[in-house]
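**Student:** The structure under discussion is supplied below as structure tokens; questions concerning it will follow.
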Amino acid sequence: MMRNFVRLFSMLVCFSLSAWTQDEVPRVEVFGGYSILHPNIPADIGGGGAEGEAAAEIGEFALGNLLGWGASVTVNVNRVLGITADFSGHYKDLDVSFEGDRVDANADLHTFLFGPKITIRNERVSPFVHALFGFGRVGASGSVNGDSSEFEETGFAASVGGGVDVLAHSNVAVRAIEFDYFPYRTGNGDTFTFNNVRLCSGVVFRF
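Numbering (our numbering), first residue to last: 436 to 642.
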């Protein structure tokens, strides 16, 4: 009886491994690549109203896009569902003159997010969507004519969106595009929500 049980168990294990291989579903996927963050500054951060909107528009124009990196690790539960840990960093340096004043500033946002990922796997192209939640760490420093100040805080962050992976090799895929709604909500003092957008592209290693 025990011998038959061991034989049956071995057959089931072999069948499961064979099915996994045939479906070409990696157990783990590791992504790394380039990322662009387009900030959306809320009007109420400048006091609201027309003046607040104008201040927000000026801030967005001066800040422009933040450039950086994105990385993630996904553990696949099955062919469709995976659990993702996502990390990113975006940075901006400013060096401008305004009404005779010399302004030097830099800003950065690092995020740490976790959540489910749904993938529709095809032979070459695999679109996916995810909903990730966690926290972000904002840092900023600046000086006007040599007088400097610094600021840091931690707040809520999320990434809701998706993208497309194109298989280049059995163990390597290219993330052609990833597009995310990427909000950040301040955590100290007055609460403001920055409704940002993130774009990523890079390489996915499949294990």
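From the three backbone atoms N, C-alpha and C, an ideal C-beta is built for every residue, glycine too.
Keep in mind the model is a prediction, meaning the values are calculated, not measured.
Going by DSSP, what residue range makes up the beta strand (DSSP E) through Arg-641?
**Tutor:** By 1-based counting over the sequence shown, the position of residue 641 is 206. Segment 628–641, the beta strand (DSSP E) holding Arg-641.
**Student:** Take the Cβ of Tyr-616 as the centre, count every other Cβ of all protein chains shown within 10 Å, and call the residue buried at 16 or more, exposed below.
**Tutor:** Within the sequence shown, numbered from 1, the residue matching residue 616 stands at position 181. Its Cβ having fewer than 16 others within 10 Å, Tyr-616 is exposed.
**Student:** Hey, out of Arg-514, Gly-550 and Tyr-619, whose CA is closest to Thr-628's CA?
**Tutor:** Mapped onto the sequence shown, residue 628 falls at position 193. Here the closest residue by C-alpha is Tyr-619.
**Student:** Would the beta-carbon of Asn-541 be found less than 6 Å away from any heavy atom of the ligand COA?
**Tutor:** You won't find the ligand COA in this model; it holds no ligand whatsoever.
**Student:** On the criterion of 16 or more Cβ atoms from any shown chain inside 10 Å, does Ile-476 qualify as buried, or is it exposed?
**Tutor:** Taking the sequence shown and counting its residues from 1, the one referred to as residue 476 is at position 41. By the neighbour-count rule (16 or more Cβ atoms within 10 Å), Ile-476 is buried.
**Student:** Mind pulling the beta strand (DSSP E) runs of 3 or more residues that sit fully within the stretch 530–614?
**Tutor:** Whole beta strand (DSSP E) segments, 3+ residues: 536–554, 560–579 and 582–604.
**Student:** Which residue from Asn-630, Phe-549 and Val-599 puts its Cα closest to that of Phe-568?
**Tutor:** If you number the sequence shown from 1, residue 568 lands on position 133. Of the listed residues, the one whose Cα sits closest to Phe-568 is Phe-549.
**Student:** Spatial neighbours of Val-638 within its chain, please: CB distance less than 8 Å, with the 5 preceding and 5 following residues excluded, ordered by chain position.
**Tutor:** Indexing the sequence shown from 1 puts residue 638 at position 203. Taken in chain order, the residues that qualify are Phe-466, Gly-467, Gly-468, Val-607, Ala-608, Val-609 and Arg-610.
**Student:** If you draw a straight line from the C-alpha of Asp-543 to the C-alpha of Phe-642, how long is it?
**Tutor:** Reading the sequence shown from its first residue, position 108 is the one you call residue 543. Reading the sequence shown from its first residue, position 207 is the one you call residue 642. One C-alpha to the other measures close to 32 Å.
**Student:** When you compare only the Cα positions, how much space is there between Asp-530 and Ser-584?
**Tutor:** The sequence position of residue 530 within the sequence shown is 95, counting from 1. The sequence position of residue 584 within the sequence shown is 149, counting from 1. Cα to Cα, Asp-530 sits roughly 15 Å from Ser-584.
**Student:** If you draw a straight line from the alpha carbon of Leu-516 to that of Phe-570, how long is it in whole angstroms?
**Tutor:** In the sequence shown, counting from the first residue as 1, residue 516 sits at position 81. In the sequence shown, counting from the first residue as 1, residue 570 sits at position 135. The straight-line gap from Cα to Cα measures roughly 23 Å.
**Student:** Any idea if Arg-633 is buried or exposed, counting beta-carbon neighbours within 10 angstroms, 16 or more meaning buried?
**Tutor:** As a working note, residue 633 is residue 198 in the sequence shown. Burial call: buried.
**Student:** Answer with buried or exposed for Ser-578, where buried requires no fewer than 16 other C-beta atoms within 10 angstroms of its C-beta.
**Tutor:** If you number the sequence shown from 1, residue 578 lands on position 143. Exposed.
**Student:** Starting from the C-beta of Phe-547, find all residues in its chain whose C-beta is less than 7 Å away, skip the five residues before and the five after it, and write them out in chain order.
**Tutor:** Counting from one through the sequence shown, the residue named residue 547 turns up at place 112. Here the set comprises Phe-522, Gly-569 and Phe-570.
**Student:** Counting C-beta neighbours from all protein chains within 10 Å, is the total for Phe-586 16 or more, i.e. buried, or is it exposed?
**Tutor:** For this step, residue 586 is matched to residue 151 along the sequence shown. Phe-586 is exposed by the Cβ-count criterion.
**Student:** Between Arg-559, Thr-589 and Arg-537, which lies nearest to Asp-625 when the distance is taken from Cα to Cα?
**Tutor:** As a working mapping, residue 625 is identified with position 190 in the sequence shown. Selected option, being the one with the closest Cα: Thr-589.
**Student:** Based on DSSP bridge pairs, tell me the residues matched to Leu-502.
**Tutor:** Sequence index remark: in the sequence shown, residue 502 carries index 67 (1-based). Per DSSP, Ile-471 and Tyr-526.
**Student:** So the candidates are Val-460, Asn-630 and Gly-574; which of them puts its Cα closest to the Cα of Thr-509?
**Tutor:** Taking the sequence shown and counting its residues from 1, one reaches residue 509 at position 74. Among Val-460, Asn-630 and Gly-574, the Cα nearest to that of Thr-509 is on Val-460.
**Student:** Name the DSSP bridge partner or partners of Asn-511?
**Tutor:** Position 76 of the sequence shown, counted from the start, is the residue given in the question as residue 511. Note: Asn-511 sits in a beta bridge opposite Gly-517.
**Student:** Quick one: what does DSSP say Ile-465 is sitting in, helix, strand or coil?
**Tutor:** Within the sequence shown, residue 465 is the residue found at index 30, counting from 1. Correcting the residue identity first, residue 465 is Val in this sequence and not Ile. Looking at Val-465 - three-state DSSP - the assignment turns out to be strand.
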